[in-house]
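What follows is a short report on a single structure.
In the numbering used here, the protein residues as written are -9 to 354.
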């Protein structure tokens, strides 16, 4: 291994910085986002590990890990979370085969696949501190049991919008690789094969991020694994995904903004090109907890605050968030819902047992 991974310039080890509440220090690698990060770090009022903004600290932590590998000569493109993601996928393949078998043998509707994609978000390696996480059961069979845990459900409004438009141009902002990614591919494939989408732009991270976030090669790896399956229905799904990409109906895109520490409400002035890309969509699908936190600014909103208000003006196109709740911020809930769950379990907001499907259409 390149020794620079362990010993980098004159900086102390990252662990020591964390343990002793050191100031954030500028990045030293040459990746394309360094100037943005360093400019932002210079403007922070309390740029220290214990005293700063939590979301900023998390993003900076993962960016610093990436910096260590960028400072090497041979490990710049190494995915140091890759093995964990691959293990999580392999331990979920029985559930994948059961899911694809159900899809091929019965009539499954769009609302069910939205829920499957939603609950796929429970499989998050950053939430389990990197410990293996996998799906064991056929997710279709668990939907009825899980449905009461969707605390705000705009699925009906979302589906009405999709069917009123059809042939949508969709931007799909991924969260996790492995099983969750497969549930996302299932949803995207359904939309394509049923004429509900004509083009899907799949946004991935451009660096290893929050352990299990999907990178471009994760999409390729998952599709390869699907195609190699002994299950005919699983292999067929992989083949269709491959065809969607080969025909350019699906494109896989990286953008630096997804791994910067900024709210999405800042996107229009910090990255107007990305904002404009999203504005040309008919529907944006945001997956997962981190995307949700950036949508609402990771603020301590009252749970009854309207979801659209909490977006703080981020309205490039109609959008939906499919999120299992893992951190203590949420909006769009009906009066009394949060209080009921709080009485049942004080940790309800960090359990991943509850979820929201929240849809906003600024063009209506």
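Where is the CB? At the ideal position from N, CA and C, for every residue including glycine.
In DSSP terms, what residue i is bridged to
i           : result
residue 313 : 346
residue 142 : 346
residue 187 : 158
residue 109 : Paired residue(s): none; residue 109 is not in a bridge.
residue 166 : 203
residue 241 : 191
residue 22  : Residue 22 pairs with nothing; no bridge assigned.
residue 277 : 312
residue 137 : According to DSSP, residue 137 bridges with nothing at all.
residue 38  : 13
Environment of residue i [buried if 16+ CB atoms lie within 10 Å]
i           : result
residue 14  : buried
residue 146 : exposed
residue 228 : buried
residue 168 : buried
residue 121 : Note on residue 121: pLDDT 47, under 50, position unreliable in the model; no value is reported.
residue 41  : exposed
residue 153 : exposed
residue 353 : exposed
residue 35  : exposed
residue 33  : exposed
residue 356 : With the chain covering -9 to 354 only, the question about residue 356 has no answer from this structure.
residue 25  : exposed
Expected contact under 8 Å - CB spacing of residue i and residue j to nearest Å
i           : j           : result
residue 254 : residue 285 : 5 Å
residue 332 : residue 344 : With a Cβ gap of about 11 Å, residue 332 and residue 344 do not count as contacting.
residue 11  : residue 38  : 5 Å
Proximity to residue i [Cα-Cα], best of the options
i           : options              : result
residue 251 : 141, 288 and 222     : 288
residue 210 : 104, 76, 133 and 294 : 76
residue 105 : 80, 332 and 143      : 143
residue 134 : 237, 103, 96 and 153 : 103
residue 44  : 283, 5 and 313       : 283
residue 222 : 150, 32 and 91       : 91
residue 157 : 297, 139, 94 and 188 : 188
residue 278 : 336, 262 and 346     : 346
residue 316 : 336, 4, 275 and 262  : 336
residue 348 : 293, 237 and 5       : 293
residue 248 : 4, 31 and 49         : 49
residue 149 : 94, 323 and 275      : 275
residue 65  : 350, 213 and 19      : 19
| query | Would you say the segment 161 to 174 touches the segment 104 to 112, given that touching needs at least three Cβ pairs under 8 Å? | reply | yes
| task | Decide yes or no for the touch test of the segment 302 to 312 against the segment 266 to 279: beta carbon pairs closer than 8 Å, at least 3 of them. | result | yes
| At least 3 beta-carbon pairs within less than 8 Å: the segment 78 to 86 vs the segment 125 to 140 | yes
| message | For the pair the segment 230 to 241 and the segment 208 to 221, tell me if three or more CB-CB distances fall below 8 Å. | response | yes
| With contact counted as at least three CB pairs below 8 Å, one residue from each stretch, are the segment 185 to 195 and the segment 161 to 169 in contact? | yes
| query | Does the segment 44 to 56 come within contact of the segment 198 to 209, defined as at least 3 CB pairs closer than 8 Å? | reply | yes
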